[in-house]
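Numbering (the working numbering), first residue to last: 3 to 544.
Read the structure below first, then the notes.
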Ligand code: AMP
């Protein structure tokens, strides 16, 4: 029997229509370095119509791709709204990718138009001659002259282009399963892979972001979106904000701890989302320049494991609870969120909060062992996490032949390794490629990192496996010591004695100024391993 219910497309155009009318006064606040410029959702709606008209005028039709090469700001929000709503596909280009990867993804996605921040214009200009499908570049921030385009590419000023356009657009009704946006993820091997989100997946994901067991984004909130709009859709915050009318504060290019502290002081957001490296930096800044941040109801950390020491520091020194979450570009990205069961208190509650979190109803998960057998959710069996659900990728752009080993029987193989508790909380111990195999046992690099980072003199610690004749691999710890503090490898080993098993105790240590980071701010263990194998690290044996 069929239901008697209506069917309607879950589309970005409907989100935009709703957000710009029902929440007309909510704001996108863009930091300018000294203060902020503000645009209401009503203005976002009008500018989205103008941009859509302009793009049509430039010949954008059907599902053609329009790229963005931008920081988090109001213009990027307008691009997020206009491009999918008109039926085209938003392609967020990661401004921190290596040039050859950037060129590869623009060509692979066949971007016809690219919107670029004026400040990033010169950087894009260098690569434009190799981006063979780009016909138009639209420069925000006033001066289109910052960008010298190769022959055949027309450069436009965003402001001038939009000023000439009507502020209404007849948004088409779009099949909810069609492509709305795409984001490339750097695979472990080979070229970056395109993840293509649908209108439906974005809509359902936005609802999840707002649920109270998830990020709890709600009307009246102001959220500081530090997570870049060019990586995993800024964790879904832009569309979720439109859905519920939460205001967003966008840091633009001001991502250093000092400016972030200024933004917090000026805008007093209720919550903020970023990777651990940003929060570590802010914490250090706050130690030297104390500031009240208790307006933050919650800080959301994901993208890599949140060290428990970082969570305690925010909560105990600043009264700001940290919410730990896990996700991937392929999971839109919200996969799991560590809100502990309501009945828990004290240490038990903390133990839940350290985990990567519980899967929502829409995300199914399983753990798979080395033989391919499914493992129990007993908090002990360690396997690779596989997930499926309506906002999880089932293939990469280009079809089933692209990196097919990432998918198995309709499940996404995450490449993350860990355990799941009987009540569905995920604890990640590693990436499959980072697991340290020592004497037939696995050592969790994340576990070791968390322990080392709980030492008060340590700011960051990254652990990699290095070859060992006897044990195959042994852990090597790269440590960043806090300014003005001192600690030796011997003291750190001493500190670990009651925390890790003896066979897991690292013998090799290196003290570095900074742990190398990827284009999205995660520990770059590949680079660490290369530095090690090329003898660039000063290794102490203790
Ligand atoms: P990306 O697609 O670039 O966002 O990377 C996704 C990967 O980041 C995941 O597969 C994990 O390895 C890692 N990751 C994301 N969130 C967490 C977290 N909370 N704890 C540990 N690793 C994480």
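Quick reminder that beta carbons are idealized off the backbone N, C-alpha and C, glycines included.
Closest Cα partner of residue i within the set the options
i	options	result
residue 614	69, 440, 94	The chain is shown from 3 up to 544; residue 614 falls before or after that span and cannot be answered.
residue 86	339, 14, 250, 377	14
residue 332	294, 444, 299, 417	417
residue 166	49, 435, 410, 296	49
residue 194	405, 287, 230, 261	405
residue 339	180, 437, 448, 427	427
residue 341	301, 370, 200, 124	301
residue 453	100, 487, 494, 316	494
residue 516	18, 282, 155	282
residue 203	349, 17, 47	17
residue 75	544, 201, 411, 236	236
residue 9	247, 177, 410	177
residue 320	336, 287, 350, 349	287
residue 60	94, 119, 23, 136	136
residue 242	265, 131, 30	30
residue 151	323, 184, 116	116
residue 337	483, 496, 393, 198	393
residue 108	457, 200, 71	71
residue 133	146, 145, 95	95
residue 509	234, 498, 425	498
residue 192	425, 102, 200, 519	102
Cβ-based burial, residue i [other Cβ within 10 Å; buried from 16]
i	result
residue 304	buried
residue 536	exposed
residue 306	buried
residue 238	buried
residue 511	buried
residue 174	exposed
residue 179	exposed
residue 224	buried
residue 420	buried
residue 119	buried
residue 169	exposed
residue 4	exposed
residue 153	exposed
residue 27	exposed
residue 292	exposed
residue 6	exposed
residue 218	buried
residue 63	exposed
residue 569	Past the boundaries of the shown model lies residue 569; the chain is included only from 3 to 544, so the question cannot be answered.
residue 448	buried
residue 290	exposed
Within 9 Å, strictly: CB atoms of residue i and residue j
i	j	result
residue 106	residue 92	no
residue 20	residue 245	yes
residue 110	residue 196	yes
residue 477	residue 440	yes
residue 371	residue 391	no
residue 257	residue 295	no
residue 397	residue 207	no
residue 127	residue 149	yes
residue 414	residue 395	yes
residue 156	residue 138	yes
residue 530	residue 480	yes
residue 436	residue 527	yes
residue 53	residue 80	yes
residue 184	residue 67	yes
residue 382	residue 367	no
residue 545	residue 262	Missing from the structure shown is residue 545; the chain here goes from 3 to 544 and no further.
residue 51	residue 232	no
residue 141	residue 399	no
Worksheet item: If you pair each beta-carbon of the segment 325-334 with each one of the segment 358-368, do three or more pairs fall below 8 Å?
Response: Enough Cβ pairs lie closer than 8 Å, so yes.
Worksheet item: On the three-pair Cβ rule with 8 Å, is the segment 512-532 touching the segment 276-286?
Response: Contact between the segment 512-532 and the segment 276-286 is present, because at least three Cβ pairs lie under 8 Å.
Worksheet item: Counting Cβ pairs closer than 8 Å, one from the segment 369-383 and one from the segment 337-350, do we hit at least three?
Response: Flag = no, the segment 369-383 and the segment 337-350 do not touch.
Worksheet entry | Minimum length 4: unbroken alpha helix (DSSP H) runs contained in the segment 106-154 | Within the segment 106-154, the complete alpha helix (DSSP H) runs of at least 4 residues are 123-129.
Worksheet item: If you scan the segment 35-106 from start to end, which runs of the alpha helix (DSSP H) of 4 or more residues do you find wholly inside it?
Response: Inside the segment 35-106, DSSP marks whole alpha helix (DSSP H) runs of 4 or more residues at positions 43-59, 76-87, from first to last along the chain.
Worksheet item: Would you call the segment 429-438 and the segment 362-370 in contact, with 3 or more CB pairs under 8 Å?
Response: Inter-segment contact for the segment 429-438 and the segment 362-370 is absent: fewer than three beta-carbon pairs are separated by less than 8 Å.
Worksheet item: With contact counted as at least three CB pairs below 8 Å, one residue from each stretch, are the segment 40-49 and the segment 155-163 in contact?
Response: Under the 8 Å Cβ criterion, the segment 40-49 does not count as touching the segment 155-163, having fewer than three qualifying pairs.
Fill in: Runs of beta strand (DSSP E) wholly within the segment 434-484 (minimum 3 residues, chain order)
Here the runs fully enclosed are 438-440, 443-445, 460-470, 474-483.
Discussion item. I want to know whether the segment 210-220 touches the segment 307-317 - three or more CB-CB distances under 8 Å.
Written reply: Counting Cβ pairs under 8 Å, fewer than three are found: no touch.
Item to complete: Output the residue ranges of the alpha helix (DSSP H) runs that lie fully inside the segment 510-537 and measure 4 residues or longer, sorted by chain position.
Response: If we require 4 residues or more, the alpha helix (DSSP H) runs fully inside the segment 510-537 come out as 527-535.
Practice prompt. Inspect the CB distances between the segment 454-467 and the segment 254-270 and report whether three or more fall short of 8 Å.
Written response: A contact between stretches requires three or more CB pairs, one per stretch, nearer than 8 Å, and the segment 454-467 fails this requirement with the segment 254-270.
Worksheet item: Are the segment 440-450 and the segment 490-506 touching, with three or more C-beta to C-beta distances below 8 Å?
Response: Contact between the segment 440-450 and the segment 490-506 is present, because at least three Cβ pairs lie under 8 Å.
Practice prompt. Pair every Cβ in the segment 22-34 with every Cβ in the segment 248-257, then say whether three or more of these pairs are closer than 8 Å.
Written response: A contact exists between the segment 22-34 and the segment 248-257.
Worksheet item: Which residue spans inside the segment 192-248 form an unbroken beta strand (DSSP E) run of at least 3?
Response: The segment 192-248 contains, as complete beta strand (DSSP E) runs of 3+ residues, the segments 195-200, 224-227 (chain order).
Fill in: Uninterrupted beta strand (DSSP E) stretches inside the segment 335-420 (no shorter than 3 residues)
Runs of the beta strand (DSSP E) inside the segment 335-420: 336-339, 366-370, 385-390.
Worksheet item: Taking only runs of the alpha helix (DSSP H) that begin and end inside the segment 268-328, which ones reach a length of at least 4 residues, in chain order?
Response: Restricted to the segment 268-328, the alpha helix (DSSP H) segments that are unbroken, complete and at least 4 residues in length are 278-290, 310-314, listed in chain order.
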